[in-house]
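*Asks:* In the working numbering, the protein residues as written are 8 to 280.
Positions of the beta carbon are idealized from the N, C-alpha and C atoms, including for glycine.
Let me begin by handing over the structure; questions about it come next.
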């Protein structure tokens, strides 16, 4: 077995000398010629010509360098959001974007949003159309509905505080105009905005049994003056078959965007308010 050249051995001819390497000259061929070993041309042609010659290992990126790159990526993403005109949650709160205008505190203005929510929830739950024979009992998969309702968006839903440790909140009813991680902000039938904490409260909301509800069944009862009369207003689903669900606030302390990607496990609750 013939000895093969090791290109990583120290070159005797280059000790203490400056060796100029340019792009025109071949690095591997120059080193082998400088060493004046036999079979240099043969070894170069066989093992090195047209191949990459790694002279050193790649440097391992340090944690500090990685953190700097991540910081720079976050800065670039922030600049892109600023160019698009989007703002974060804290900035929106600081500018008062989530503070409703008192002039818009009218229950009738938010009722069309509730109609949109009813349409949205019927499509989400894939509810059947109303049959001609109302004696036929509807089929409904409760387990599948629960899995979808915990991830549903409740902006526009009409919720009622069924029970709470704060007795003054019991019976409060309104349309959800904004949902945060720990609160529901609703507009009541008396044209007032109220913030209801989720924790230590049990809410109830209703869902129609059938899809494709007529517009007349979701109409708002108005007084003669044209403003909604709190005493005359009824729940829009009172005139149609509907289902009622309880919502435990302590288990619902998530933003709507976070619930959409969160995995919930089914378990029986023994929690008492």
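When the Cα atoms are used, what is the spatial distance from residue 101 to residue 95?
*Replies:* Using only the alpha carbons, I get a separation of about 10 Å.
*Asks:* Consult DSSP for residue 213 and reduce its assignment to one of helix, strand or coil.
*Replies:* Residue 213 falls in the strand class under three-state DSSP.
*Asks:* Only counting the same chain, and skipping five residues up and downstream in sequence, which positions put a Cβ closer than 6 Å to that of residue 52?
*Replies:* Closer than 6 Å at Cβ, skipping near neighbours: no residue.
*Asks:* Pick helix, strand or coil for residue 74, following the three-state DSSP scheme.
*Replies:* Of the three classes helix, strand and coil, the one that applies to residue 74 here is helix, per DSSP.
*Asks:* For residue 218 and residue 75, what's the separation of their Cα atoms in angstroms?
*Replies:* Taking the straight line joining both Cα atoms gives about 54 Å.
*Asks:* Suppose the cutoff is 7 Å on Cβ atoms and the five residues either side in sequence are ignored; what does the same chain contact list for residue 119 look like?
*Replies:* There are no such residues.
*Asks:* According to the Cβ coordinates, are residue 152 and residue 176 closer than 7 Å?
*Replies:* Cβ atoms of residue 152 and residue 176: not closer than 7 Å.
*Asks:* Determine the burial state of residue 192: buried for a count of at least 16 other Cβ atoms within 10 Å of its Cβ, exposed for fewer.
*Replies:* Flag for residue 192 reads buried.
*Asks:* Hey, how far is the Cα of residue 203 from the Cα of residue 190?
*Replies:* Computed Cα separation, rounded: 6 Å.
*Asks:* Could you compute how far the alpha carbon of residue 146 sits from the alpha carbon of residue 82?
*Replies:* Whole-angstrom Cα-Cα distance: 53 Å.
*Asks:* For a quick check, are the C-beta atoms of residue 197 and residue 244 less than 7 Å apart?
*Replies:* Taking 7 Å as the Cβ cut-off, residue 197 and residue 244 do not qualify as a contacting pair.
*Asks:* For residue 264, which beta-bridge partners are listed by DSSP?
*Replies:* In DSSP, residue 264 forms no bridge with anything.
*Asks:* Just the Cα atoms here: how many angstroms apart are residue 136 and residue 150?
*Replies:* Going by the C-alpha atoms only, they are around 20 Å apart.
*Asks:* Mind checking residue 121: buried by the 16 CB within 10 Å criterion, or exposed?
*Replies:* Per the 10 Å Cβ criterion, buried.
*Asks:* Which class does residue 271 belong to by DSSP, given the choice of helix, strand or coil?
*Replies:* Of the three classes helix, strand and coil, the one that applies to residue 271 here is coil, per DSSP.
*Asks:* Secondary structure at residue 204, three-state DSSP: helix, strand or coil?
*Replies:* Three-state DSSP puts residue 204 in a strand.
*Asks:* To the nearest angstrom, report how far apart residue 91 and residue 99 are at their CA atoms.
*Replies:* Their Cα atoms are separated by approximately 15 Å.
*Asks:* Secondary structure at residue 224, three-state DSSP: helix, strand or coil?
*Replies:* The predicted position of residue 224 is uncertain, since its pLDDT is 48 and thus under 50; a value taken from the coordinates is nonetheless stated next. Helix at residue 224.
*Asks:* Quick check on DSSP: helix, strand or coil for residue 153?
*Replies:* Here residue 153 sits in helix by DSSP.
*Asks:* Out of 187, 251, 269 and 182, state which residue places its alpha-carbon closest to the alpha-carbon of residue 115.
*Replies:* Closest option to residue 115, Cα to Cα, is 182.
*Asks:* May I ask you to report which of helix, strand or coil DSSP gives residue 125?
*Replies:* Helix.
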